[in-house]
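Some notes on the structure that comes next.
Residue numbers (our numbering): 18 to 199.
So, in C-alpha cells, the structure goes:
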C-alpha cells in the first residue's frame, strides 16, 4: 500500500541514455502508483518544478500533483508543452502547425491559472522541437529540481514499454523525474 516508488538511475553512457533500464521501465509500466526516478549524484527538491504537459488526462493528473507539491513546499512551477512536428509539415500545412501551437498554449495557460488560483507562482511555456530534448534543455536552463510528467495508462504488452518520450526524458534529465500514474 505504498504511495510512491523511488528508483535510482545510475550514471548512463550516451548510448544507454536512449533507453531506461528494463527494470525501471517495467516498474513504471506495471505500477499503479507514482514512480520517482532519481539520477546518480542529484538531490530531490521541490522549489523549481518543471511540468511537461500535453493536455491529456494523464497530464492533468501530473499537473494536479505538481501544483500540490509546489504549494506544499513553497515552490514555483514552469509548465511546458512541446509541439513536435516534422519540418516538412510546416511547408505542407502551416495552419495545422499554428493550430497545434495554439492548442498547446491553451493547455499550459489552463494549468498556469489553476496553479495561481492555488497560490503557486507559475509560468507557461510553449516550445517547438523534439519533446524530450526541449523538456530536458528547459530543465537544465531553469535549474529545475524535478520534472513532473504523466504516464499513459497502457495494458498488456504496451505497459511493459513506456512511451519513448518519457523514457528519453528520464534518460537525459539532469534532475529527478516524477512519473505520475492515474
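Using N, Cα and C, we set each Cβ at its ideal position, and we do this for glycine too.
From a predicted model like this one, the values you see are computed outputs, not experimental measurements.
Through-space distance from residue j to residue i, alpha-carbon basis
i	j	result
residue 193	residue 21	14 Å
residue 187	residue 123	26 Å
residue 126	residue 141	6 Å
residue 183	residue 46	11 Å
residue 103	residue 146	9 Å
residue 82	residue 164	11 Å
residue 156	residue 139	15 Å
residue 19	residue 105	46 Å
residue 43	residue 69	22 Å
residue 185	residue 134	32 Å
residue 67	residue 113	27 Å
residue 162	residue 130	22 Å
residue 40	residue 158	30 Å
Cβ separation of residue i and residue j, assumed to be a contact under 8 Å, to the nearest whole Å
i	j	result
residue 197	residue 51	5 Å
residue 77	residue 136	In fact, because the Cβ distance is near 19 Å, the residues do not count as touching under 8 Å.
Spatial neighbours of residue i in its chain, beta-carbon cut-off 7 Å, leaving aside the 5 residues before and after
i	result
residue 150	none
residue 190	56, 153, 156, 164
residue 92	63, 64, 65, 66, 86
Cβ neighbours of residue i in the same chain (closer than 8 Å, five flanking residues each side left out)
i	result
residue 160	65
residue 143	97, 98, 99, 100, 118, 121, 122, 125
residue 199	74, 75, 78, 167, 168, 170
Other residues of its chain near residue i: CB distance less than 6 Å, five sequence neighbours each side excluded
i	result
residue 100	117, 118, 121, 145
residue 167	75, 76, 78, 79, 197
residue 61	193
residue 132	84, 94, 139
residue 25	55
residue 90	63
residue 148	99, 101, 182
residue 115	none
When the options are compared against residue i, the one with the closest alpha-carbon
i	options	result
residue 48	23, 63, 67	23
residue 73	195, 128, 67, 158	128
Next item on the list: Check whether the segment 54-67 touches the segment 106-114, counting contact only when three or more Cβ pairs, one atom from each stretch, lie closer than 8 Å.
Entry: no
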